Amino acid sequence: MARRSSSRVLALVYLLAALGTPPGARAGAADDARDAVRARDYARAADLYRGLAEAGDADAQYQLATLYRLGRGVGRDDASARRWYAAAAAQGHSASRERLAGLEAASAARQPPAALADRPARHRPARRPVTLPEADTE
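Oh and the sequence shown: position 102 is 82 in this note's numbering, straight run, nothing missing.
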(Lines of atoms letter the chains of each structure in order from A and count residues from 1; the text may use other names and numbers.)
(Lines give C-alpha, C1' and ligand atoms only; values in the text may rest on other atoms or scores of the structure.)
Protein backbone atom coordinates (compact mmCIF):
# COMPACT_ATOMS: atom_id res chain seq x y z
CA MET A 1 0.00 0.00 0.00
CA ALA A 2 2.83 2.41 0.88
CA ARG A 3 4.50 1.63 -2.42
CA ARG A 4 1.32 2.44 -4.30
CA SER A 5 0.87 5.88 -2.67
CA SER A 6 4.54 6.75 -3.16
CA SER A 7 4.23 5.95 -6.87
CA ARG A 8 1.18 8.25 -7.05
CA VAL A 9 3.11 11.05 -5.34
CA LEU A 10 6.01 10.50 -7.72
CA ALA A 11 3.63 10.58 -10.69
CA LEU A 12 2.14 13.82 -9.37
CA VAL A 13 5.61 15.35 -9.02
CA TYR A 14 6.47 14.37 -12.60
CA LEU A 15 3.16 15.80 -13.84
CA LEU A 16 3.77 19.12 -12.08
CA ALA A 17 7.31 19.26 -13.43
CA ALA A 18 6.03 18.61 -16.94
CA LEU A 19 3.44 21.37 -16.64
CA GLY A 20 6.02 23.88 -15.48
CA THR A 21 5.23 26.54 -12.93
CA PRO A 22 2.03 25.81 -11.01
CA PRO A 23 -0.81 28.27 -11.73
CA GLY A 24 -0.80 29.58 -8.14
CA ALA A 25 2.88 30.46 -8.41
CA ARG A 26 2.21 32.18 -11.75
CA ALA A 27 -0.53 34.27 -10.19
CA GLY A 28 1.82 35.27 -7.37
CA ALA A 29 4.55 36.27 -9.83
CA ALA A 30 2.03 38.25 -11.91
CA ASP A 31 0.89 40.10 -8.78
CA ASP A 32 4.52 40.78 -7.86
CA ALA A 33 5.18 42.11 -11.36
CA ARG A 34 2.16 44.43 -11.18
CA ASP A 35 3.34 45.65 -7.78
CA ALA A 36 6.79 46.31 -9.25
CA VAL A 37 5.23 48.39 -12.05
CA ARG A 38 3.21 50.38 -9.51
CA ALA A 39 6.43 51.00 -7.57
CA ARG A 40 8.12 51.98 -10.87
CA ASP A 41 10.66 49.18 -10.46
CA TYR A 42 10.47 48.34 -14.14
CA ALA A 43 13.62 46.20 -14.26
CA ARG A 44 12.16 43.85 -11.63
CA ALA A 45 8.80 43.84 -13.40
CA ALA A 46 10.53 42.93 -16.68
CA ASP A 47 12.34 40.02 -15.02
CA LEU A 48 9.12 38.71 -13.49
CA TYR A 49 7.11 39.15 -16.68
CA ARG A 50 9.89 37.51 -18.73
CA GLY A 51 9.68 34.32 -16.67
CA LEU A 52 5.91 34.21 -17.06
CA ALA A 53 6.08 35.13 -20.75
CA GLU A 54 8.56 32.36 -21.50
CA ALA A 55 6.17 29.94 -19.75
CA GLY A 56 3.46 31.00 -22.24
CA ASP A 57 1.39 33.49 -20.22
CA ALA A 58 -0.26 35.76 -22.83
CA ASP A 59 -0.88 38.63 -20.39
CA ALA A 60 2.76 38.57 -19.29
CA GLN A 61 3.86 38.50 -22.94
CA TYR A 62 1.74 41.60 -23.57
CA GLN A 63 3.12 43.41 -20.52
CA LEU A 64 6.72 42.50 -21.37
CA ALA A 65 6.20 43.68 -24.96
CA THR A 66 4.87 46.98 -23.63
CA LEU A 67 7.96 47.41 -21.44
CA TYR A 68 10.15 46.82 -24.50
CA ARG A 69 8.08 49.22 -26.60
CA LEU A 70 8.37 51.98 -24.00
CA GLY A 71 11.94 51.15 -22.92
CA ARG A 72 11.06 50.75 -19.25
CA GLY A 73 13.28 48.42 -17.27
CA VAL A 74 14.76 47.17 -20.52
CA GLY A 75 16.28 48.92 -23.50
CA ARG A 76 13.76 50.17 -26.02
CA ASP A 77 13.54 47.42 -28.62
CA ASP A 78 10.73 47.37 -31.18
CA ALA A 79 11.81 43.96 -32.51
CA SER A 80 11.44 42.36 -29.07
CA ALA A 81 8.16 44.18 -28.54
CA ARG A 82 6.87 42.82 -31.84
CA ARG A 83 8.00 39.30 -30.95
CA TRP A 84 6.21 39.30 -27.58
CA TYR A 85 3.08 40.99 -28.96
CA ALA A 86 2.99 38.35 -31.73
CA ALA A 87 3.35 35.52 -29.19
CA ALA A 88 0.44 36.87 -27.13
CA ALA A 89 -1.65 37.60 -30.24
CA ALA A 90 -1.15 34.00 -31.40
CA GLN A 91 -2.89 32.95 -28.19
CA GLY A 92 -5.85 35.24 -28.90
CA HIS A 93 -4.82 38.24 -26.78
CA SER A 94 -6.80 41.03 -28.50
CA ALA A 95 -4.85 43.99 -27.09
CA SER A 96 -1.66 42.40 -28.40
CA ARG A 97 -3.15 42.08 -31.87
CA GLU A 98 -4.04 45.79 -31.81
CA ARG A 99 -0.59 46.87 -30.60
CA LEU A 100 1.11 44.63 -33.14
CA ALA A 101 -0.96 46.16 -35.94
CA GLY A 102 -0.06 49.63 -34.66
CA LEU A 103 3.66 48.82 -34.63
CA GLU A 104 3.46 47.43 -38.16
CA ALA A 105 1.62 50.54 -39.39
CA ALA A 106 4.13 52.86 -37.74
CA SER A 107 7.01 50.91 -39.24
CA ALA A 108 5.45 51.07 -42.72
CA ALA A 109 4.88 54.83 -42.37
CA ARG A 110 8.57 55.41 -41.60
CA GLN A 111 9.72 53.63 -44.75
CA PRO A 112 9.84 55.54 -48.04
CA PRO A 113 7.59 54.31 -50.84
CA ALA A 114 9.29 51.76 -53.08
CA ALA A 115 9.22 54.16 -56.05
CA LEU A 116 11.31 56.69 -54.13
CA ALA A 117 13.69 54.26 -52.47
CA ASP A 118 15.94 53.86 -55.53
CA ARG A 119 16.07 57.53 -56.53
CA PRO A 120 19.15 59.51 -55.67
CA ALA A 121 18.61 62.23 -53.15
CA ARG A 122 18.05 65.70 -54.55
CA HIS A 123 20.14 68.47 -53.18
CA ARG A 124 19.49 72.15 -53.44
CA PRO A 125 22.33 74.17 -54.86
CA ALA A 126 24.21 76.14 -52.27
CA ARG A 127 22.99 79.69 -51.92
CA ARG A 128 25.42 82.48 -52.39
CA PRO A 129 25.72 84.78 -49.45
CA VAL A 130 23.90 88.05 -49.81
CA THR A 131 26.11 91.10 -49.60
CA LEU A 132 24.49 94.33 -48.58
CA PRO A 133 25.86 97.66 -49.78
CA GLU A 134 27.76 99.46 -47.16
CA ALA A 135 26.00 102.37 -45.61
CA ASP A 136 27.45 105.82 -46.01
CA THR A 137 29.07 106.87 -42.79
CA GLU A 138 29.59 110.52 -43.73
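Beta carbons are placed, not taken as given, at the ideal position from N, Cα and C, and that holds for glycine.
Predicted, not measured: the structure shown is a model, and the values here were computed from it.
Contact check, residue i vs residue j under 8 Å by CB: the rounded distance?
i     : j     : result
Leu47 : Tyr22 : 6 Å
Ala61 : Arg49 : 4 Å
Between which two residues does the alpha helix (DSSP H) carrying residue i extend?
i      : result
Ser114 : The displayed chain sequence assigns Glu, not Ser, to residue 114. Where Glu114 is concerned, there is no enclosing alpha helix (DSSP H), given that its DSSP letter is neither H nor E.
Gly31  : Tyr22 to Glu34
Ala70  : Asp58 to Ala70
Ala19  : Where Ala19 is concerned, there is no enclosing alpha helix (DSSP H), given that its DSSP letter is neither H nor E.
Gly82  : Ser74 to Arg90
Arg49  : Ala38 to Leu50
Do residue i and residue j have their C-beta atoms within less than 9 Å of each other?
i      : j     : result
Ala26  : Gly53 : yes
Ser157 : Ala35 : A question about residue 157 goes unanswered here, because the residues of the chain that appear run from -19 up to 118.
Leu28  : Ala19 : no
Asp58  : Ser87 : yes
Ala13  : Arg24 : yes
Leu80  : Ala69 : yes
For residue i, which of the options has the nearest alpha-carbon?
i     : options                       : result
Glu84 : Arg63, His73 and Gln41        : Arg63
Gln71 : Arg20, Ala40, Ala13 and Asp11 : Ala40
Asp37 : Arg79, Asp57, Gly8 and Val17  : Gly8
Pro42 : Gly55, Glu114 and Ser74       : Residue identity check: residue 42 is Tyr in the sequence provided, not Pro. Of the candidates Gly55, Glu114 and Ser74, the one whose C-alpha sits nearest the C-alpha of Tyr42 is Ser74.
Under a CB-based cut-off of 9 Å, is residue i close to chain B?
i     : result
Ala67 : Reference to chain B is not applicable here, since this structure consists of a single protein chain.
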